[in-house]
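Participant:
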Amino acid sequence: MKKNRYITLSIVLLCLLVALAGGVRLFRYYLPHEGPTDALYEKYKDNPQVKASLLHDFRVNDTLAVDALLLEASTDSAWCALLLDFGMPEEMITDYISNRDFFMGEGRSSIIRIFINKYNPKERVPVADTNGWLTIGSFEKKSLSVFLTGEYSVKEIINKKEIKKLKFKNQKDEKVL
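Per this note's numbering, the sequence shown starts with residue 10, numbered consecutively.
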């Protein structure tokens, strides 16, 4: 009788531990995070002209996942404001307004890649700076993807993969037209 109680109690405790471990992992997505990610997301989450999505464990490839913030402007004015918020020079925005075709075309002009200071998105930092986040923008989609990692090797992998994906999509879309 005592042995059965011990086995039952052990099984119940084991189940509780498994449930607790799974719950902690599950609720990570629902509990608020603290730090620069929050400030950036909070700035845009209620903006009706910018769709903000905070993705946890965004899959870069089979073995790599990082948190990412995706920002997509619905209008040209919102896109220009977003670019200004991320430190783009006003001259570039003026060029974009006057010559959209150049920025929407194939090649380097349709995609931007910057490394922002995670505490101040207007400030540029070197790629190796651990306080720097890789940000990739698409003029065609009016979107910015901020990858929330400071690790140099991870930023390089993301950079190559995401730029290639955007360029391939642009070339594929042009062939369809």
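By construction, the Cβ of each residue, glycine as well, lies at the ideal position given by its N, Cα and C atoms. Just so you know, these numbers come straight off a predicted model, no measurement behind them.
Sort Val75, Asp71 and Ala48 by Cα distance to Glu160 and report the nearest one.
Facilitator: Out of Val75, Asp71 and Ala48, Val75 has the C-alpha closest to the C-alpha of Glu160.
Participant: Can you give me the C-alpha to C-alpha distance between Ser152 and Met97, rounded to a whole angstrom?
Facilitator: One C-alpha to the other measures close to 14 Å.
Participant: So, Leu143 versus Ile167, is the Cβ gap smaller than 8 Å?
Facilitator: For Leu143 and Ile167, yes; Cβs fall inside 8 Å.
Participant: Which residue marks the beginning of the beta strand (DSSP E) containing Ala77, and which one marks its end?
Facilitator: Segment Ala74 to Ala82, the beta strand (DSSP E) holding Ala77.
Participant: Kindly indicate which residue of Glu149, Val134 and Glu81 has the alpha-carbon position closest to the one of Asp110.
Facilitator: It is Glu149.
Participant: Is Ala137 buried or exposed, if buried means 16 or more other CB atoms sit within 10 Å of its CB?
Facilitator: By the neighbour-count rule (16 or more Cβ atoms within 10 Å), Ala137 is not buried but exposed.
Participant: Please go through the same chain and pick out, in chain order, the residues whose beta-carbon is closer than 7 Å to the beta-carbon of Phe112, but skip the five residues on each side of it.
Facilitator: Hits under 7 Å: Tyr105, Ser118, Ser119 and Phe148.
Participant: Which parts of the segment 91-152 are runs of the alpha helix (DSSP H), unbroken and 4 residues or longer, counting only runs that do not cross its ends?
Facilitator: You should have 99-107 and 109-113.
Participant: Would you kindly work out how many angstroms separate the C-alpha atoms of Leu92 and Leu73, rounded to a whole number?
Facilitator: If I take the Cα positions, the gap works out to 28 Å.
Participant: Specify, as a first and last residue, the run of the beta strand (DSSP E) that Leu63 falls within.
Facilitator: Note, Leu63: beta strand (DSSP E), Val59 to Arg68.
Participant: Contact check, Ser154 vs Ala77 under 8 Å by CB: the rounded distance?
Facilitator: Yes, Ser154 and Ala77 are in contact; Cβ-Cβ is about 6 Å, under 8 Å.
Participant: Take Tyr50 as the anchor and find which of Phe124, Asp94 and Lys174 has the nearest alpha-carbon.
Facilitator: For Tyr50, the nearest C-alpha among the options comes from Asp94.
Participant: How many Å lie between Ser107 and Met101 at the Cα?
Facilitator: Approximately 10 Å, taken between the alpha carbons.
Participant: Relative to the ligand ZN, is the shortest distance from any of its heavy atoms to the C-beta of Arg109 smaller than 7 Å?
Facilitator: Of the ligands one can find in the structure shown there are none, so the ligand ZN has no counterpart to examine.
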